[in-house]
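Listed in order, the protein sequences are those of chains A and B.
Each residue of the first sequence is one higher than the last, beginning at 13 in my numbering.
Each residue of the second sequence is one higher than the last, beginning at 29 in my numbering.
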Amino acid sequence: MSDVKSKIREVLAARGGFPGGIEALGDQSDLYAAGLSSFASVQIMLALEEAFDLEFPDSLLNRKTFQSVDAIAGAVQGILDGAPAAE
Amino acid sequence: MNAPASTSLAERAGRVAAVAAAHADDVDIKSRFPREAVDAMRLERLFSVQIANNLGGEDATISDVAEICSLIGQSCASAAMVFAMHHIKLSSLVSHGSESDWHRTFMRRVADEQLLLASATTEGGIGGNLRNSICAIEVNGADCHLEKDATVISYGEYADAILITSRANAEAASTDQVMTAFTKDQYTLERTQVWDTLGMRGTCSDGYLFKGDAPAVQILPKPFAEIAAQSMLATSHLLWSAVWYGIAVNAMARAQSFVRAAARKSPGAPPPGALRLAEASSLLQLLKSNIIAGLREFEAAKADHDRLSSIGFAVAMNNVKIGSSETILIIINHAMLVCGILGYKNGTPYSLGRHLRDAHSAQLMISNDRILGNTSNLLLVHKQDTSLMG
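The following block contains the structure:
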């Protein structure tokens with residue numbers, strides 16, 4: 013899981029556009045409150061799909077999935093483990 | 029306290045529409061507030077229909093409100109747009125204010141006093157990108173203070189309260205926004221820009237420097253990002269579309285009566301505009317289907333916050349707005365071709381100048397290019413629903 017998170021953090025660092033940098037944010041910090049725009053969140057989804065070689069199902073394409081590093085890691089791990097998409 | 033007894037929403041809206049129609053040209057010519065129609069809305073208690081029954085409202089759905097928008101829109105687009113914008117603001121209170129004592133009490137006041145709500149989301153330096161703010165609300169203990177260079181506050185001068193966006197605090201990112209309800213006694217407005225426009229002249233969407241002081245409990249307890257995604261953007265696209273549909277329906281009705289009158293004069297020889305009318309009829313049906321599908325999607329998603337915040341839902345609502353705003357122009361143009369010079373002239377039963385000018389606002393109020401840009405970004409990850417029946 014920590015590998016997953018560090019990879020997610022790399023993506024967020026490159027594409028998140030956080031004014032204070034991703035380093036300043038904890039795994040549970042609210043990324044939207046930290047300045048994540050809806051445009052950037054789509055760019056991050058794309059970059060994550062590329063980085064992890066996966067596709068987010070539509071059921072995960074919502075605000076909650078990208079709320080925090082932990083939330084993204086949970087979604088990514090779920091797909092990697094082949095878990096059924098969250099409803 | 030509730031609705032005037034024993035009349036349906038449609039009947040009440042019909043009475044408002046009749047008042048609006050009587051003053052529509054004067055409102056347009058003078059670029060003045062449609063006060064007769066707005067007074068009639070108050071009299072018919074239409075400003076609170078969306079509020080919950082137990083807070084003095086009537087639990088009307090978004091589809092009910094859309095129907096009223098369309099009925100009034102057939103008479104006076106400016107009056108209908110005022111009504112739509114009020115209900116867009118109200119939808120945010122209804123959806124996101126029910127857990128806050130202040131906002132519940134305020135909704136009761138809206139119902140009791142039939143208060144008119146306005147919106148202040150645009151700002152100098154930000155333009156129409158309402159998901160960004162420069163100004164920040166200052167919270168000092170139990171109070172808050174806000175100053176905003178609001179380049180547009182539709183009917184700001186005539187509103188009883190304004191729901192206004194800002195950054196959540198002085199350190200917050202530009203996208204970390206909140207929305208606060210200020211009542212008329214809590215703010216001042218200094219006019220900075222005058223609304224003298226091609227159409228929608230009665231919305232009186234002047235620009236103002238807003239300065240307000242209020243108890244901090246009046247800040248809605250949800251991030252504006254959620255409010256925008258879950259109520260404001262969707263209800264904007266749907267209720268605006270309903271108003272625009274009303275404009276197109278009335279243009280169509282005028283064109284149809286023109287063709288009928290011509291056909292009566294020369295039975296057996298259909299007038300040349302008849303084919304255009306048939307084309308317009310097909311487009312009007314498309315427009316109506318588009319809006320109804322959007323309303324159904326919203327009603328179905330309403331109970332499920334994840335669905336409301338999903339990419340698929342955002343794409344669907346964006347598509348409703350693009351489709352309606354583009355299609356009405358084609359329909360009204362067809363109607364103009366049908367009615368010819370009598371449609372082009374003012375003051376005839378077939379005049380369409382006001383319709384056409386009002387309708388041109390549709391692709392600009394939230395620029396279609398901005399919405400298409402947003403949709404094209406979402407389509408990078410959104411999976412197309414390939415089923416017909418959804």
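Here a beta-carbon is modelled for each residue, glycine too, at the ideal position from N, C-alpha and C.
Taking only beta-carbon positions, decide if residue i is within less than 9 Å of chain B.
{"i": "Val54 (chain A)", "result": "yes"}
{"i": "Gly33 (chain A)", "result": "no"}
{"i": "Glu62 (chain A)", "result": "no"}
{"i": "Lys76 (chain A)", "result": "yes"}
{"i": "Leu58 (chain A)", "result": "yes"}
{"i": "Leu24 (chain A)", "result": "no"}
{"i": "Ala97 (chain A)", "result": "Unreliable positioning characterises Ala97 (chain A) in this predicted model, as indicated by a pLDDT of 48, which lies under 50. A coordinate reading is not provided."}
{"i": "Ala45 (chain A)", "result": "yes"}
{"i": "Leu66 (chain A)", "result": "no"}
{"i": "Leu73 (chain A)", "result": "yes"}
{"i": "Leu37 (chain A)", "result": "no"}
{"i": "Asp93 (chain A)", "result": "no"}
{"i": "Asp82 (chain A)", "result": "no"}
{"i": "Gln89 (chain A)", "result": "no"}
{"i": "Ser100 (chain A)", "result": "Absent from the model: residue 100 (chain A). The displayed extent of chain A is 13 to 99, so no value can be given."}
{"i": "Ser50 (chain A)", "result": "yes"}
{"i": "Asp15 (chain A)", "result": "no"}
Please tell me whether residue i has its Cβ less than 9 Å away from any Cβ of chain A.
{"i": "Glu254 (chain B)", "result": "yes"}
{"i": "Ala344 (chain B)", "result": "no"}
{"i": "Ala112 (chain B)", "result": "no"}
{"i": "Val167 (chain B)", "result": "no"}
{"i": "Ile339 (chain B)", "result": "yes"}
{"i": "Ser202 (chain B)", "result": "yes"}
{"i": "Val409 (chain B)", "result": "yes"}
{"i": "Leu406 (chain B)", "result": "yes"}
{"i": "Ala196 (chain B)", "result": "yes"}
Quick check on the burial criterion: 16 or more other C-beta atoms within 10 angstroms. Buried or exposed for residue i?
{"i": "Ile162 (chain B)", "result": "exposed"}
{"i": "Gly371 (chain B)", "result": "buried"}
{"i": "Arg219 (chain B)", "result": "exposed"}
{"i": "Gln313 (chain B)", "result": "exposed"}
{"i": "Ala46 (chain B)", "result": "exposed"}
{"i": "Ile356 (chain B)", "result": "buried"}
{"i": "Asn197 (chain B)", "result": "exposed"}
{"i": "Pro377 (chain B)", "result": "exposed"}
{"i": "Asn168 (chain B)", "result": "exposed"}
{"i": "Pro298 (chain B)", "result": "exposed"}
{"i": "Ser120 (chain B)", "result": "buried"}
{"i": "Ile20 (chain A)", "result": "buried"}
{"i": "Leu74 (chain B)", "result": "buried"}
{"i": "Asn374 (chain B)", "result": "exposed"}
{"i": "Pro31 (chain A)", "result": "exposed"}
{"i": "Pro251 (chain B)", "result": "buried"}
{"i": "Arg292 (chain B)", "result": "exposed"}
{"i": "Leu305 (chain B)", "result": "buried"}
{"i": "Asp204 (chain B)", "result": "buried"}
Quick one: what does DSSP say residue i is sitting in, helix, strand or coil?
{"i": "Tyr183 (chain B)", "result": "coil"}
{"i": "Leu92 (chain A)", "result": "helix"}
{"i": "Ser269 (chain B)", "result": "helix"}
{"i": "Leu60 (chain A)", "result": "helix"}
{"i": "Cys163 (chain B)", "result": "coil"}
{"i": "Asp67 (chain B)", "result": "helix"}
{"i": "Glu307 (chain B)", "result": "helix"}
{"i": "His410 (chain B)", "result": "coil"}
{"i": "Leu370 (chain B)", "result": "helix"}
{"i": "Leu66 (chain A)", "result": "coil"}
{"i": "Leu99 (chain B)", "result": "helix"}
{"i": "Asp171 (chain B)", "result": "strand"}
{"i": "Lys176 (chain B)", "result": "strand"}
{"i": "Glu72 (chain B)", "result": "coil"}
{"i": "Asn157 (chain B)", "result": "coil"}
{"i": "Asp35 (chain A)", "result": "Going by the sequence as given, residue 35 (chain A) is Glu instead of Asp. In this structure, Glu35 (chain A) counts as helix in the three-state DSSP scheme."}
{"i": "Leu143 (chain B)", "result": "coil"}
- Cβ pair count under 8 Å reaching 3, the segment 130-137 of chain B against the segment 82-92 of chain B: yes
- 4-residue-minimum alpha helix (DSSP H) runs that sit fully inside the segment 102-139 of chain B, ordered along the chain: 105-124
- Query: For the 8 Å Cβ check, are there 3 or more pairs between the segment 96-107 of chain B and the segment 267-282 of chain B?
  - Reply: yes
- Query: Enumerated in chain order, which unbroken segments of the beta strand (DSSP E) with a length of 3 residues or greater are wholly contained in the segment 191-271 of chain B?
  - Reply: The qualifying runs are 205-211, 215-221 and 235-243.
- Query: Within the chosen definition, does the segment 50-65 of chain A reach the segment 33-41 of chain A through at least 3 CB pairs nearer than 8 Å?
  - Reply: no
- Item | Given 8 Å, three or more beta-carbon pairs between the segment 343-363 of chain B and the segment 241-250 of chain B | no
- Task: May I ask you to verify whether the segment 174-186 of chain B touches the segment 234-242 of chain B, counting CB pairs closer than 8 Å and requiring at least 3?
- Result: yes
- Query: Is it a yes or a no for the segment 87-96 of chain A touching the segment 51-63 of chain B, going by three-plus beta-carbon pairs under 8 Å?
  - Reply: no
- Query: Three or more beta-carbon pairs under 8 Å between the segment 380-395 of chain B and the segment 319-332 of chain B, yes or no?
  - Reply: Output reads no: the segment 319-332 of chain B does not touch the segment 380-395 of chain B.
- Query: Three or more beta-carbon pairs under 8 Å between the segment 176-187 of chain B and the segment 134-151 of chain B, yes or no?
  - Reply: Touching, yes, given that three or more Cβ pairs across the two stretches are closer than 8 Å.
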